[in-house]
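The numbering of the sequence shown is this note's numbering, which starts it at 695 and goes up by one.
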Amino acid sequence: METLKDKKVLVEYPCKWEYKLIGESEKHLQEAVFELIDIEYEFVASKVSKKGKYKSFNLTLEVKSDEHRIDIFNKLKVHSAVKMVL
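Right, here's the structure in full:
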């Protein structure tokens with residue numbers, strides 16, 4: 695039986711892609727994005743956690759391929775300012 699997990703979504707590149715970044719400091723997240731992303735992007739505040747410790751932001755940019763999209767994700771997820779990337 696084929697599951698949803700087994701199906702690969704077909705994405706036509708280049709396309710706009712949005713990452714959700716979560717961290718403790720807007721300033722440090724902005725610096726991380728500036729340091730890691732060398733193409734035009736949009737960085738917009740999204741939500742703040744109930745106790746105010748974590749903040750989330752939407753990072754939107756154009757990705758050229760699956761590899762490009764995954765490379766950006768991997769760079770973001772290992773940066774110390776980024777607690778989580780979705």
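All residues carry an ideal CB built from backbone N, CA and C; glycine is no exception.
Whole-number beta carbon distance between residue j and residue i, since they are thought to touch under 8 Å
i, j, result
"residue 730", "residue 762", "No, residue 730 and residue 762 are not in contact; Cβ-Cβ is about 13 Å, not under 8 Å."
Sub-7 Å separation of residue i and residue j beta-carbons
i, j, result
"residue 717", "residue 771", "no"
"residue 740", "residue 752", "yes"
"residue 712", "residue 754", "yes"
"residue 779", "residue 767", "yes"
"residue 750", "residue 710", "no"
"residue 775", "residue 704", "no"
DSSP state of residue i mapped onto helix, strand, coil
i, result
"residue 731", "coil"
"residue 769", "helix"
"residue 710", "strand"
"residue 715", "strand"
For residue i: DSSP bridge partner residues
i, result
"residue 738", "752"
"residue 787", "Residue 787 cannot be examined here, being either before or after the span of the chain that is shown, 695 to 780."
"residue 779", "715"
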